[in-house]
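Colleague: Letter 204 of the sequence shown, counting from 1, is numbered 297 in the working numbering, and no numbers are missing.
Think of the CB as a built atom: it goes at the ideal place given N, C-alpha and C, for glycine as much as any other residue.
A single structure is presented below for examination.
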Amino acid sequence: MSHQLQICLLSFTSEFALENSIRWPHVGYFEYFISQYVSKIFLKNKDIMPLIDLLKLVHSKVRSSDKHLYKKETLLLSFNLFLYELARAYYISSWYSHVKHSSTEKLVVHFFRLLELNCRKQHSVKFYADSLHVSAGHLTKIVKQVTEITAKQCIENAIILEAKILLQNNDLTILYISEELQFANTSFFSTFFKRHTSMSPSEYRIRLNVR
Numbered sequence: 094m095s096h097q098l099q100i101c102l103l104s105f106t107s108e109f110a111l112e113n114s115i116r117w118p119h120v121g122y123f124e125y126f127i128s129q130y131v132s133k134i135f136l137k138n139k140d141i142m143p144l145i146d147l148l149k150l151v152h153s154k155v156r157s158s159d160k161h162l163y164k165k166e167t168l169l170l171s172f173n174l175f176l177y178e179l180a181r182a183y184y185i186s187s188w189y190s191h192v193k194h195s196s197t198e199k200l201v202v203h204f205f206r207l208l209e210l211n212c213r214k215q216h217s218v219k220f221y222a223d224s225l226h227v228s229a230g231h232l233t234k235i236v237k238q239v240t241e242i243t244a245k246q247c248i249e250n251a252i253i254l255e256a257k258i259l260l261q262n263n264d265l266t267i268l269y270i271s272e273e274l275q276f277a278n279t280s281f282f283s284t285f286f287k288r289h290t291s292m293s294p295s296e297y298r299i300r301l302n303v304r
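Put into structure tokens, the structure is as follows:
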């Protein structure tokens with residue numbers, strides 16, 4: 094084995110990447126991870142080094158014994174930065190021009206595109222299934238098959254990520270955000286948010302030092 098060989102490994106599931114994204118991923122961001130045909134890509138040294146540096150950063154965050162307030166947040170930001178850099182590497186590689194997605198992958202990509210545009214206003218699986226001309230059951234089955242989570246979970250994750258973005262704006266009231274995300278009232282919104290994050294919207298704001 095060559096003494097110049099370096100092996101860097103970061104293992105995670107599609108479910109983990111979706112649930113820990115800093116915002117709902119753009120279609121291009123996640124296309125790499127849903128492809129069943131990705132095996133390896135070849136990159137130039139100048140494109141590899143940023144990935145290696147980010148891997149080292151993620152590794153240092155995981156292994157750190159420091160228990161500071163924002164340890165989880167800085168780890169997730171580092172992880173997301175790595176994923177975006179990996180997606181960029183995927184697109185500039187020669188492999189990408191030859192890839193052909195399966196029909197199931199195409200359906201999921203189209204679902205993500207619709208979700209990215211409509212997640213603030215449309216929360217039902219039926220809306221997306223109707224837009225894609227498939228049944229709600231079929232969409233749920235295919236999304237689960239490709240991403241390891243259901244279509245409903247994808248929608249709820251997207252809503253939570255949008256809520257977190259809106260909560261960072263101190264000028265927006267909790268009432269405005271709940272209405273913007275189509276919740277009947279602030280109580281329903283707070284219950285939904287706390288079920289997914291273990292914090293109320295107000296507690297989330299305080300933690301981010303927005304208030």
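#1: With DSSP run on the structure shown, which of helix, strand or coil describes E255?
#2: Would you kindly work out how many angstroms separate the C-alpha atoms of K154 and Y163, rounded to a whole number?
#3: According to DSSP, is N250 part of a helix, a strand, or is it coil?
#4: Less than 9 Å separating the beta-carbons of F105 and F172?
#5: Just to confirm, is the Cβ distance from T284 to L268 under 9 Å?
#6: Going by the CB atoms, is the gap between K219 and Q275 shorter than 9 Å?
#7: Considering just the uninterrupted stretch of the alpha helix (DSSP H) at L208, what are its terminal residues?
#8: Starting from the N-terminal side, write out each stretch of the alpha helix (DSSP H) that is 4 residues or longer and does not extend beyond the region 220 to 302.
Modeller: Taking the coordinates as given:
#1: Helix, per DSSP.
#2: Rounded to the nearest whole angstrom, the C-alpha separation of K154 and Y163 is 11 Å.
#3: Helix at N250.
#4: Yes, Cβ-Cβ distance for F105 and F172 is below 9 Å.
#5: No. Outside cutoff.
#6: No. Outside cutoff.
#7: Segment 196 to 211, the alpha helix (DSSP H) holding L208.
#8: Listed in chain order, the alpha helix (DSSP H) elements of length 4 or more contained wholly in the region 220 to 302 are 229 to 240, 244 to 260, 267 to 273, 279 to 290, 294 to 300.
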